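Asker:
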Amino acid sequence: MPGKTIVIAEDNTIDSKILSSVLTARGYQVITAFDGKAALEILRNQEVDLLITDIMMPGYTGIELLWHAREEKRLPPTLVLTSDKTDETVLATLSGGARDHLKKPVNVPILLAKVAQLLQS
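Under this note's numbering, the residue at position 34 of the sequence shown is numbered 30, and the numbers go up by one with no gaps.
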């Protein structure tokens, strides 16, 4: 699905650069945001095919980002990246509208498979 637009909401600059590089190399258009509020602003102003978000970020957390974007009807298919895969976190993200999760550190082949799957749905 090259050419699709993906927003990465990740406050860790190293993780953000790695994700962006991997996805850009596969032909995706990538926009990065380093906090939840900046990501929401992008979702408000651009057509986005997929959101990849961390949970723990300044501004809005990933969970708050999901809720705000869903409330504004601007939530694309969403993949949540987290090192906290407790039942409570998974439930909160699913309730917020996330479609899938991926544990940090990210396994690149699994990331690419999940991205392709979410872009086809």
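We put the CB at the ideal spot given by N, CA and C, even for glycine. It should be emphasised that the depicted structure is a prediction, and the values quoted were computed from it without experimental measurement.
Going straight from the alpha carbon of V86 to that of T57, what length do you get?
Answerer: Rounded to the nearest angstrom, the two C-alpha atoms are 14 Å apart.
Asker: Does DSSP classify I38 as helix, strand or coil?
Answerer: I38 falls in the helix class under three-state DSSP.
Asker: Does DSSP put K99 in a helix, a strand or coil?
Answerer: In the structure shown, K99 sits in a strand (DSSP, three-state: E or B).
Asker: L75 by DSSP, collapsed to three states: which one?
Answerer: L75: strand per DSSP, three-state reduction.
Asker: In three-state terms, what does DSSP make of I4?
Answerer: Three-state result, I4: strand.
Asker: Under a three-way DSSP split, which group does A29 fall into?
Answerer: The answer is strand: DSSP assigns A29 an E or B state.
Asker: Just mark I4 as buried or exposed, buried being the case when its beta carbon has 16 or more other beta carbons within 10 Å.
Answerer: When all chains shown are included, I4 counts as buried.
Asker: Can you give me the Cβ contacts of R40 inside the same chain, cut-off strictly under 8 Å, excluding the 5 residues immediately before and after it?
Answerer: For R40, where only same-chain residues beyond five positions count, the Cβ hits under 8 Å are E68, R70.
Asker: Using the three-state DSSP reduction, which class does I51 fall into: helix, strand or coil?
Answerer: Here I51 sits in coil by DSSP.
Asker: Return the Cβ separation of L75 and D96 in integer angstroms, given the expectation that the two are a contact with Cβ distance under 8 Å.
Answerer: That belief holds up - the Cβ atoms of L75 and D96 are roughly 5 Å apart, short of 8 Å.
Asker: Taking the alpha carbon of L98 as the reference point, which residue from D31, V111, G92, S91 has its own alpha carbon closest?
Answerer: The shortest C-alpha separation from L98 is found at V111.
Asker: Between the alpha carbons of S91 and E84, how many angstroms are there, rounded?
Answerer: Taking the straight line joining both Cα atoms gives about 10 Å.
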